[in-house]
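Number of protein chains: 2
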Amino acid sequence: MHTTIRDVAKRLHLSITTVSRALDNYDDVADSTRKLVVVTAKEMGYVPNRAARQLRRQRTDTIGYILPTDSAGTGFADPFFSEFIAGLSDEASAYHFDLLVSAAPPDSKIEKELYKRWVQGGKVDGFVINRVRLNDWRLRFLARQHIPHASYERSLSKLDFVGIEIDSFNGMLELIEHLVERGYKRIAYVSGAPNLKIDHDRLRGYQTGLKSAGIESDPALIVHGDMTSEGGYHAAELLFALSVPPTAIVCINDVTAIGAMHAAHERGIVVGRDIAITGFDGIEDAAHATPPLTTLDQPIYSIARQLANMTLNLALRKTLENKQIKIQPRLLIRSSTDEKRCSEPGKAKA
Amino acid sequence: MHTTIRDVAKRLHLSITTVSRALDNYDDVADSTRKLVVVTAKEMGYVPNRAARQLRRQRTDTIGYILPTDSAGTGFADPFFSEFIAGLSDEASAYHFDLLVSAAPPDSKIEKELYKRWVQGGKVDGFVINRVRLNDWRLRFLARQHIPHASYERSLSKLDFVGIEIDSFNGMLELIEHLVERGYKRIAYVSGAPNLKIDHDRLRGYQTGLKSAGIESDPALIVHGDMTSEGGYHAAELLFALSVPPTAIVCINDVTAIGAMHAAHERGIVVGRDIAITGFDGIEDAAHATPPLTTLDQPIYSIARQLANMTLNLALRKTLENKQIKIQPRLLIRSSTDEKRCSEPGKAKA
DNA sequence: AGAGTTTTCCAAAACGTTTTGGAATTATAC
DNA sequence: GTATAATTCCAAAACGTTTTGGAAAACTCT
Chain B
1 MHTTIRDVAK RLHLSITTVS RALDNYDDVA DSTRKLVVVT AKEMGYVPNR AARQLRRQRT
61 DTIGYILPTD SAGTGFADPF FSEFIAGLSD EASAYHFDLL VSAAPPDSKI EKELYKRWVQ
121 GGKVDGFVIN RVRLNDWRLR FLARQHIPHA SYERSLSKLD FVGIEIDSFN GMLELIEHLV
181 ERGYKRIAYV SGAPNLKIDH DRLRGYQTGL KSAGIESDPA LIVHGDMTSE GGYHAAELLF
241 ALSVPPTAIV CINDVTAIGA MHAAHERGIV VGRDIAITGF DGIEDAAHAT PPLTTLDQPI
301 YSIARQLANM TLNLALRKTL ENKQIKIQPR LLIRSSTDEK RCSEPGKAKA
Chain E
1001 MHTTIRDVAK RLHLSITTVS RALDNYDDVA DSTRKLVVVT AKEMGYVPNR AARQLRRQRT
1061 DTIGYILPTD SAGTGFADPF FSEFIAGLSD EASAYHFDLL VSAAPPDSKI EKELYKRWVQ
1121 GGKVDGFVIN RVRLNDWRLR FLARQHIPHA SYERSLSKLD FVGIEIDSFN GMLELIEHLV
1181 ERGYKRIAYV SGAPNLKIDH DRLRGYQTGL KSAGIESDPA LIVHGDMTSE GGYHAAELLF
1241 ALSVPPTAIV CINDVTAIGA MHAAHERGIV VGRDIAITGF DGIEDAAHAT PPLTTLDQPI
1301 YSIARQLANM TLNLALRKTL ENKQIKIQPR LLIRSSTDEK RCSEPGKAKA
């Protein structure tokens, strides 16, 4: 490539061994020569060749992350991922690691080949995984291959996972309680994908929350989205078309909620008065939605940093202080769930 | 790592040369043995070690992209980048390339060191660059080092750049014309960063558009944002606090506009009636904003794919059909710029 | 049957590091 | 002044590929 360690060695009439060890702070090189080496190396613009180092060290100083795009590819526009990736790469950078990114539809052949290629080909030392599925082949695969990895959420069977969990269940309980308190009773749920761990948890929280409030759950009020605003829009349209439409819509994430709000506005339904709509994530756009969106906030950037930190510490064979971290989402009450003003349909006014 | 080419060779009593060449489809290996090799390699789960291949080939099959985060790190939530990165990695994948991602504040020391490290250390074969500054050291640096790169936008002096340009100027003309036609005259502009190429172009378009419409430009109506919804929110607050506030706000991008809409709503100003607000990008959330946002749409995903395609073709030393592509943004007229209903302040009713 | 040609294979040399296992040299102890 | 220990250096062997420059074997022609 450019200046190699050999060039530096030649210039100083030293062996490449010594140069290498000087730069790596070994203690079997005299202080005077170390200084000389360091200075000359910098002066000559020497940067170690990564491929060579990787090959020899059998380590890449790189962690991998694969985006869950849909097969269409386009329209993949959740700010969640911008923030998540920013977190991953900032943490990686801090440890002089790099972040390798690719995209593949969940559970697709492409996804499988990508993981395999990166693992077997030694492209990365470890993975960060999110959007975990209930029964996730990735977690099994990486565990079997002994590849360091940290995941956002565990899959159902894995008790010994390394990563972070968000307490979606209790968050949802709190959210439902809030809605009920504000006078909303006929509460719908817009899901992501049914095999997603977070969807599973949030749906369970939703159902349990209803039960605690003494509200009977109506299957017609549970509709499928796909975690995009487009999906949220269509899901909400389905709900509004019901003979007895809901008065509140709980969405799996913020962008879904933004889509649902759009559908409401289009029908002249005023969010925060006629209907309550809630999200999950706490992305910046949620605060600036019209009306601002009540949501369960999770610190995406910081979660991403912690996940990256876990994988790279695993990769460096250090011991982790905490293998499993559980975090609580924070309920941000905004005007999308203002006090209910109209009576519940089919019920006496409260 | 795992199965190496040597293992495969040993199993078949062939030399590693032959195995290597068989897998690479050289024509100096008999068809029968090639088949044998391919089958056995697959069966043994052989995946070539990337580091070794890189070292020997002096090529990484990897392109780099560095996210322009702010120094705070957090709150980096523009869906533009999710879509952009998805595009980059999909295109890279299609060519069996990988995408290396990191994040750094524009023009920071971190940014410089990152580029240098990746270039000198041979981590990547090329770069994709966006958010180009008027006088961008990255473009100069990469050109001087002869590193393949494609950029979204050129910097001021570069005439021979490789990449894509969006015709912000003419898009803005069209947008202003649209606003004027709808009855808006006192039109403000919320910028990104003044040294950004796109900001420069859009501001110029805005000013020229006003002039063509015979509207005198008022410096008080040009305020700075930072391309986030937070920034848009505050910029709009400044504008509303003016003694003669604007009746239309043109924003550098969609998330800025979403923030501005929030500020308007908070003051009870109805967007699409009392005030018009516009964005630029065409992100999904813009379509679902309240009201849906008039914007200049650009095909982010496809642009990203093309940019990736350009860099990797440069890296493969192929000739590009088109070194420079100019695309036109598409004006999407939505209800955030509905017909003006109130009179202009300080003017007779139109 | 010998000279060319073509086909099929391979040994060895890279690529730029890190690491192993000493070998000099110098200091320290008796 | 010798034996021992500490310090400072280095040659050579990896790491797993690709590529170079043939060589052997098998055909094809006269």
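So the sequences go chain by chain: B and E.
Number 93 in our numbering belongs to position 93 of the first sequence; there are no gaps in the numbering.
For our numbering, count along the second sequence from 1 and bump the result up by 1000.
Just so you know, even glycine gets a beta-carbon here, dropped at the ideal spot from N, CA and C.
Query, Result
"Out of E:Arg1140, E:Ile1164, E:Val1180 and E:Arg1204, state which residue places its alpha-carbon closest to the alpha-carbon of Asn1170 (chain E).", "E:Arg1204"
"Could you name the residues of the same chain whose beta carbon sits closer than 8 Å to that of Leu139 (chain B), not counting the 5 residues immediately before and after it, in chain order?", "Ile129, Val132, His149, Ser151, Arg154, Ser155, Lys158 and Phe161"
"Does the Cβ of Arg1317 (chain E) have 16 or more other Cβ atoms within 10 Å, making it buried, or fewer, making it exposed?", "exposed"
"Can you check the segment 1292-1341 of chain E for any alpha helix (DSSP H) of at least 4 residues that lies completely inside it and give the ranges in chain order?", "1300-1315"
"With a CB to CB cut of under 7 Å and the five nearest residues on each side skipped, what residues in its chain are close to Pro1246 (chain E)?", "Arg1186, Ile1187, Ala1188, Leu1221 and Leu1239"
"With a threshold of 16 other CB atoms inside 10 Å of the CB of Glu1284 (chain E), please say whether the residue is buried or exposed.", "buried"
"My guess is that Gly214 (chain B) and Leu307 (chain B) are in contact by the Cβ rule of under 8 Å, so how many angstroms apart are they, rounded?", "Going by Cβ atoms, the distance from Gly214 (chain B) to Leu307 (chain B) rounds to 39 Å, so no, they are not a contact pair."
"At a Cβ cut of 9 Å, what residues of the segment 1281-1314 of chain E count as close to chain B, listed as they run along the chain?", "Ile1283, Glu1284, Asp1285, Ala1287, His1288, Ala1289, Thr1290, Pro1291, Pro1292, Pro1299, Ile1300, Tyr1301, Ser1302 and Arg1305"
"Under 8 Å by Cβ, that's how I've got Glu1113 (chain E) and Pro1105 (chain E) pegged, so tell me the actual separation to the nearest angstrom.", "Glu1113 (chain E) to Pro1105 (chain E), Cβ: 12 Å. No contact."
"Asp27 (chain B) lies in the beta strand (DSSP E); which residues open and close that run?", "Here Asp27 (chain B) belongs to no beta strand (DSSP E), and DSSP marks it neither H nor E."
"Considering only C-alpha positions, which residue in the set B:Lys326, B:Ser20 and B:Tyr46 is nearest to Ile166 (chain B)?", "B:Lys326"
"Could you tell me which chain E residues have their CB closer than 9 Å to the CB of Leu332 (chain B), listed as they occur along the chain?", "By Cβ distance, chain E contributes nothing, its closest Cβ being about 15 Å from Leu332 (chain B), past 9 Å."
"Taking its Cβ as the centre, do 16 or more other Cβ atoms sit within 10 Å of Lys197 (chain B), making it buried, or is it exposed?", "buried"
"If we require 3 or more residues per run, which beta strand (DSSP E) segments fall completely within the segment 148-228 of chain B?", "149-152, 163-166, 187-191 and 222-224"
"Within 7 Å (strictly less), CB to CB, does Thr69 (chain B) reach chain E?", "yes"
"When the Cα of Thr295 (chain B) is compared with those of B:Leu320, B:Phe76, B:Ile269 and B:Ile249, which residue comes out closest?", "B:Ile249"
"For Ile258 (chain B), decide whether its Cβ has a neighbour in chain E, counting only Cβ atoms nearer than 7 Å.", "yes"
"Lys340 (chain B): buried (16+ other C-beta within 10 angstroms of its C-beta) or exposed?", "buried"
"If you pair each beta-carbon of the segment 1083-1102 of chain E with each one of the segment 1055-1063 of chain E, do three or more pairs fall below 8 Å?", "yes"
"Mapping DSSP to helix, strand and coil, what is Val1255 (chain E)?", "helix"
"How far does the alpha helix (DSSP H) with Asp1090 (chain E) in it reach, from first residue to last?", "Pro1079 to Ala1094"
"Can a CB atom of chain E be found closer than 7 Å to the CB of Arg144 (chain B)?", "no"
"Please classify Gly209 (chain B): is it buried, with 16 or more other beta-carbons within 10 angstroms of its beta-carbon, or exposed?", "buried"
"Do the CB positions of Asn1253 (chain E) and Asp1218 (chain E) come within less than 7 Å of each other?", "no"
"On the DSSP letters alone, give me the boundaries of the alpha helix (DSSP H) that Asp98 (chain B) sits inside.", "First-last for Asp98 (chain B): Asp98 to Ala104, but that is the beta strand (DSSP E), not the alpha helix (DSSP H)."
"Does DSSP put Tyr1065 (chain E) in a helix, a strand or coil?", "strand"
"What residues match up with Ala248 (chain B) in a beta bridge as DSSP calls it?", "B:Ile187 and B:Ala276"
"How is Lys347 (chain B) classed by DSSP in three states: helix, strand or coil?", "With a pLDDT of 43 at Lys347 (chain B), under the threshold of 50, the modelled position of this residue cannot be trusted; read the value that follows with caution. Three-state result, Lys347 (chain B): coil."
"One question on the structure: do His265 (chain B) and His1262 (chain E) come within less than 7 Å of each other, judged by their Cβ atoms?", "no"
"Helix, strand or coil for Asp7 (chain B)? Go by DSSP, reduced to three states.", "helix"
"Apart from the five residues just before and just after Gly1045 (chain E), which ones in its own chain have a Cβ nearer than 6 Å to its Cβ?", "Thr1003"
"Is there a Cβ of chain B sitting closer than 7 Å to that of Ser1102 (chain E), yes or no?", "yes"
"Please state whether DSSP places Gly231 (chain B) in a helix, a strand or coil.", "helix"
"What are the boundary residues of the beta strand (DSSP E) that Phe127 (chain B) is part of?", "Gly126 to Ile129"
"Buried or exposed: which applies to Asp1028 (chain E), given that a residue is buried once 16 or more other Cβ atoms fall within 10 Å of its Cβ?", "exposed"
"So, at 7 Å on beta carbons, what are the nonlocal neighbours of Arg1006 (chain E) in its own chain, with the 5 sequence-adjacent residues on each side left out?", "Ile1016"
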